[in-house]
Every structure is written in C-alpha cells, then in structure tokens.
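As structure tokens, the structure follows; a few thoughts come after it.
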Amino acid sequence: LLIEGGAKVNLVNEDGTSPLMAASQNGHNSIVSLLIEKGADVDLIDLIARSPLIIASQNGHELVVSLLIEGGAKVNLVNEDGISALNFAQNMKHHGVVELLLENDAK
1356 LLIEGGAKVN
1366 LVNEDGTSPL
1376 MAASQNGHNS
1386 IVSLLIEKGA
1396 DVDLIDLIAR
1406 SPLIIASQNG
1416 HELVVSLLIE
1426 GGAKVNLVNE
1436 DGISALNFAQ
1446 NMKHHGVVEL
1456 LLENDAK
C-alpha cells in the first residue's frame, strides 16, 4: 500500500539501511520479493558496506538469498572489512546458503 502510494523503495535511514536490507535481515521473503519487483536496488550498501545479500547470508535466510540472486544481486560484493556473503555464510555454518552462493559463482 505504501509503495503504491509513492513510497521510495530505496530510501535509507541514518545507518544507511534500506527497506530491502531490513527485510533481508529478518527473513521476510514476501517483502523482499515485492521490493525487488518494485525496483529496490539489490546492491545498495549501508554505512559499513553491507548489501542485502551479505545481510541475508549472515543471517542464514536461504530463500531471501535466492530471491536476491534472482533479482540480480552481485554475489561477490564485500563489506568494509573485505568479508563477502560467502565468507559470512561459511563462518556462520549456513550450509544451504553456502551451497546456493557457490552455485552462483561466489568466491
């Protein structure tokens, strides 16, 4: 409803967090899908250079990771410390996410 009313899907808060990042962090699959459909930037980064894909991978949200990749997210972006989505998924032992990222050429 807000989007249909003209809400900006790439608007960020003071931390640089976009609606897509928040939905990705919390595993809200349907919201992620809707935001991507409405033109949300899948590679927008926050103040510490985390993309929605990095955030979803760190939190183990496999379906969100899949939606972001299908939406064109770059799988090899890194945060300000040089840590990628794949690194986070491996460190957190999110094996399904690791497999999905590797299938999509993550390094």
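Quick note: the sequence shown uses this note's numbering, first residue 1356, plus one each step.
Ideal placement from N, C-alpha and C gives every residue a C-beta, glycine not left out.
| Check | Outcome |
| --- | --- |
| I'd like the span of the alpha helix (DSSP H) that includes asparagine 1381, first residue to last. | 1374 to 1381 |
| Go ahead and pull the three-state DSSP assignment for serine 1406. | coil |
| Whole-angstrom Cβ separation of leucine 1408 and alanine 1440, contact assumed at under 8 Å? | 5 Å |
| Hey, quick one: how far does the alpha helix (DSSP H) through serine 1385 stretch, first residue to last? | 1384 to 1392 |
| Determine, using beta carbons only, whether glycine 1394 and valine 1420 come nearer to each other than 9 Å. | no |
| Considering Cα atoms alone, identify which of Gln1380, His1449, Thr1372 and Asp1396 is closest to alanine 1473. | Since the first and last residues shown for the chain are 1356 and 1462, residue 1473 lies out of range. |
| Across which residues does DSSP place serine 1439 in a beta bridge pair? | Val1433 |
| Which residues in the same chain as aspartate 1370 place their Cβ atom closer than 8 Å to its Cβ, once the five residues preceding and following it in sequence are excluded? | Asp1401 and Leu1402 |
| Quick one: give me the first and last residue of the alpha helix (DSSP H) that isoleucine 1424 is part of. | 1417 to 1425 |
| If distances are taken between C-alpha atoms only, which option among Glu1425, Leu1399 and Val1433 comes closest to glutamine 1413? | Val1433 |
| Could you spell out where the alpha helix (DSSP H) holding valine 1453 opens and where it closes? | 1450 to 1458 |
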